[in-house]
Every structure is written in C-alpha cells, then in structure tokens.
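Okay, structure first, notes after.
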Amino acid sequence: MNPTDRFARRATLRRSVRLLSQFRFEQTAPARFYGALADDTVAMVADLWTGATGNSATGRTVLDVGGGPGYFASAFEAAGMHYIGVEPDPREMHAGPAGEPGAGTFVRASGTALPFADASVDICLSSNVAEHVVQPWRLGNEMLRVTRPGGLAVLSYTVWLGPFGGHEMGLTHYLGGARAADRYARKHGHRPKNDYGSSLFAVSAADGLEWAASTGSLVAAFPRYHPRWAWWMTSAPWLREFMVSNLVLVLQPR
1 MNPTDRFARR ATLRRSVRLL SQFRFEQTAP ARFYGALADD TVAMVADLWT
51 GATGNSATGR TVLDVGGGPG YFASAFEAAG MHYIGVEPDP REMHAGPAGE
101 PGAGTFVRAS GTALPFADAS VDICLSSNVA EHVVQPWRLG NEMLRVTRPG
151 GLAVLSYTVW LGPFGGHEMG LTHYLGGARA ADRYARKHGH RPKNDYGSSL
201 FAVSAADGLE WAASTGSLVA AFPRYHPRWA WWMTSAPWLR EFMVSNLVLV
251 LQPR
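Anchor point for the sequence shown: position 203 equals 203 in the UniProt record's numbering, and the numbering is continuous, going up by one each time.
See the structure below:
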C-alpha cells in the first residue's frame, strides 16, 4: 500500500491555509498554535500508519523525539495511542500541559542517543527538531533503530532556505544565519531562542532526501503544509529548497 494515499485526501488547500494562519500565534499564543499543529500531526501520523499497514493506529506506541511541552501528548492520547515524549530540555517539558494526568510519558534524553531498545516502538516521530541539532541524521538513525520492522519513522523538519527557515528571525535568514541572529539580538535586546549555530542549523531538503535514500527505508517524502497538488515540488532540485518549507520523510524499517 502507498502510505500517503489516505493522507493525500486530507492535504487540501483549505487545510494548508488553516495551518499556516496559526503560525503567527507561535510566540503570543503557543497553546493555540501548538494545539492546532498537534491535532493535525496526529491525523497525519494516523493516516500514514493506516496507509502503510492497512490497520488502525489505535493502541500503537508513539515515541515523539523532541515532544516539547505536552500538546502532542494530549492529542495522541486522545486519539487512543500510547505516547512517549523525549525532550532534553526540562524547561520545555514544563512549559505546557505535559504534567496533566493521562498526557503520556516523558523521558529526559537526547534524540541522538535514545534510551530505548532496538525495535521497541511502533511509530517514531520527530516534528520540527532536526534543524535544531548538530547531527540531524544521527537523530534519524536513532529513530530507525528504535522503530520495529514494519513500523514507521516520520521525520519532519523545517528546510533552511524555505520561508520559515529563520524561525522567529523571519526572512532575515536569507542574509545569512549568523547575521540574522545578530540583527535579531540588536533589535530585541536578547539572542533569539532559535539561535543560528547553537540551537538552529541550516538543513537542506537535498540532505534529508539523500540520507533517507541511503537507509533503504524511505517510502514517501512530501511537503508537510502544501496541498497534494503541490507535492511535486519535493522532486524538483533547487526549487524544493525554497518552496518546500517543511519536508516530511516517511521511513519503514524492514
């Protein structure tokens, strides 16, 4: 089965507009932004699982690398999946609903050295984390290691040259990452949370596709926030670096 067939029907222009309209609330109303993103992510992961396996995702164990403050935990648990979040920063764990009863299990650890056994989870997810680590494909390899054969590893990340590559620095990242971060610091009086060279790195679409192909486990790749009719951009070198704002790599260990 094609894992994207089911999700492709959900990937409409209306969905894209709805999701992108939430980005302006990331700093001012994080619960609104992350809540909407979490709900959409659960729907995407469930569709990919059903498309790849023909079965419901209910009851499956999801390991979320870089799970953050718990919005994803609540959404996955509400959908009937068992959620385990991995987060290296304790401040992130306590910045939202992570401590609510029934909102999954959280482990403090690095995504590049996951404290889990080989082939121990059904689904391993990483949403918007790879661009924040020095070795993103070491993270990807760890995700594949802990995912059981026939399961799914879903790695989604922000492409550096896309319009959201600079995160809170806006489009100034096109001036260069270090220059954009310095400009932000001068304007706001503090370094950006996503500071180029320490907590934000330039990760390209080409690098992700090359790594995924090298694993022999890649089953699909598409732009996360685009409608289905724009997915062809993933196959267009150079264009994808600027137009595929967030790349989803779907891998299935054999």
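Cβ coordinates follow ideal geometry from the N, Cα and C atoms, glycine included.
Self-check item: Integer Cβ distance of ALA221 from ALA212, believed to fall under 8 Å
Solution: Along the sequence shown, one-based indexing puts residue 221 at 221. Along the sequence shown, one-based indexing puts residue 212 at 212. Yes, ALA221 and ALA212 are in contact; Cβ-Cβ is about 7 Å, under 8 Å.
Quiz prompt | Alpha carbon of VAL45 to alpha carbon of ASN194, nearest angstrom | solution = Numbered from 1 along the sequence shown, position 45 holds the residue referred to as residue 45. Numbered from 1 along the sequence shown, position 194 holds the residue referred to as residue 194. Between VAL45 and ASN194, the C-alpha separation is close to 26 Å.
Quiz prompt | Backbone CA spacing between VAL219 and GLU131 [nearest angstrom] | solution = Position 219 of the sequence shown holds residue 219. Position 131 of the sequence shown holds residue 131. Rounded to the nearest angstrom, the two C-alpha atoms are 21 Å apart.
Quiz item: Along the chain, which unbroken stretches of the alpha helix (DSSP H) at least 4 residues long are found entirely within the stretch 109-153?
Solution: 136-146
Quiz prompt | Per-residue burial, PRO237 [other beta carbons within 10 Å of its own, 16 or more giving buried] | solution = For this step, residue 237 is matched to residue 237 along the sequence shown. When all chains shown are included, PRO237 counts as exposed.
Self-check item: VAL154 vs VAL248 beta-carbon contact at 8 Å
Solution: One-based indexing of the sequence shown puts residue 154 at position 154. One-based indexing of the sequence shown puts residue 248 at position 248. A contact, by the Cβ cut-off of 8 Å.
Quiz item: Taking the C-alpha atoms as reference points, what is the distance between PRO115 and GLY70?
Solution: Counting from one through the sequence shown, the residue named residue 115 turns up at place 115. Counting from one through the sequence shown, the residue named residue 70 turns up at place 70. Rounded to whole angstroms, PRO115 to GLY70 spans 19 Å at the Cα level.
Practice problem: Sort out for me which residues DSSP pairs PHE33 with in a bridge. | Solution: As a first step, residue 33 is located in the sequence shown; it is residue number 33 there, counting from the start. None; PHE33 has no bridge partner.
Quiz prompt | Contacting residues, own chain, Cβ-Cβ under 6 Å from ASP122 (five flanking each side not counted) | solution = Here residue 122 is taken as the residue at index 122 of the sequence shown, counted from 1. Counting only Cβ-Cβ distances below 6 Å, and skipping sequence neighbours, we find ARG60, THR61 and GLY151.
Quiz item: Can you give the beta carbon distance from SER126 to LEU139, rounded, assuming they're within the 8 Å contact cut?
Solution: Position 126 of the sequence shown, counted from the start, is the residue given in the question as residue 126. Position 139 of the sequence shown, counted from the start, is the residue given in the question as residue 139. Correct: roughly 7 Å between the Cβ atoms.
Quiz item: For GLU87 versus GLY66, is the C-beta spacing smaller than 8 Å?
Solution: Position 87 of the sequence shown, counted from the first residue, corresponds to residue 87. Position 66 of the sequence shown, counted from the first residue, corresponds to residue 66. Going by C-beta atoms, GLU87 is nearer than 8 Å to GLY66.
Practice problem: Could you tell me whether the stretch 174-192 touches the stretch 133-148, using the rule of 3 or more Cβ pairs below 8 Å? | Solution: no
Quiz item: By Cβ distance, which residues of its chain are closer than 8 Å to ASP40, with the 5 residues on each side in sequence left out?
Solution: Position 40 of the sequence shown, counted from the first residue, corresponds to residue 40. Correct list, in chain order: ARG15 and LEU19.
Self-check item: Same chain only: Cβ atoms within 6 Å of GLN22, ignoring 5 sequence neighbours per side
Solution: Within the sequence shown, residue 22 is the residue found at index 22, counting from 1. Result list for GLN22: PHE33 and ALA36, in chain order.
Quiz item: Can the beta-carbon of LEU48 be found closer than 8 Å to that of THR12?
Solution: Stepping through the sequence shown from its first residue, residue 48 is reached at position 48. Stepping through the sequence shown from its first residue, residue 12 is reached at position 12. Contact: no.
Quiz item: What distance in whole Å lies between the Cβ atoms of GLY177 and VAL244, which are believed to be in contact at a cut-off of 8 Å?
Solution: Counting from one through the sequence shown, the residue named residue 244 turns up at place 244. Counting from one through the sequence shown, the residue named residue 177 turns up at place 177. Actually they do not touch by this definition, with Cβ atoms about 19 Å apart.
Quiz item: What does DSSP give as the partner residues of SER156 in its beta bridges?
Solution: Along the sequence shown, read from residue 1 onward, the residue named residue 156 stands at position 156. BP columns for SER156 point to SER127 and VAL248.
Self-check item: Residues bridged to LEU200 (per DSSP)
Solution: As a position in the sequence shown, residue 200 is number 200, starting the count at 1. Partner(s): TYR196.
Self-check item: Sequence-distant residues of its chain with Cβ nearer than 6 Å to GLY216 (five each side left out)
Solution: Stepping through the sequence shown from its first residue, residue 216 is reached at position 216. The answer is none, since no qualifying residue turns up.
Quiz item: Of the choices VAL250, ARG6, ALA205 and ALA181, whose alpha-carbon is the least far from that of ASN55?
Solution: Translated into the one-based positions of the sequence shown, residue 55 becomes position 55. Of VAL250, ARG6, ALA205 and ALA181, the residue nearest in Cα terms is ARG6.
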